[in-house]
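Novice: Right, I'll just put the structure down here and ask away after.
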């Protein structure tokens, strides 16, 4: 990606603060989840235990 920025294909607009969002994971039963969905939910719980926007911003480098 840095090559695209260097040659002008992409331009860095700086840090843009977006509006706050909520992330919900709805599923009928834990035993009906695919392994991929279960792994994703486990990752999200570990990565963002408090569920705050600050945690997400720190993770993505904001």
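Residue numbers (this note's numbering): 7 to 68. By construction, the Cβ of each residue, glycine as well, lies at the ideal position given by its N, Cα and C atoms. Values in this document were obtained by computation on a predicted structure and should not be read as measured data.
1) Report the CB separation of residue 54 from residue 47 in whole angstroms; it is logged as a contact under 8 Å.
2) Let me check understanding here. Comparing Cα to Cα, which of 28, 44, 25 lies closest to residue 34?
3) Just to confirm my understanding: we take residue 7, look at its own chain, exclude 5 residues before and 5 after, and list those with CB closer than 8 Å. What are they?
Specialist: Taking the structure as given:
1) Not really, about 11 Å apart at Cβ, beyond 8 Å.
2) 44
3) 16
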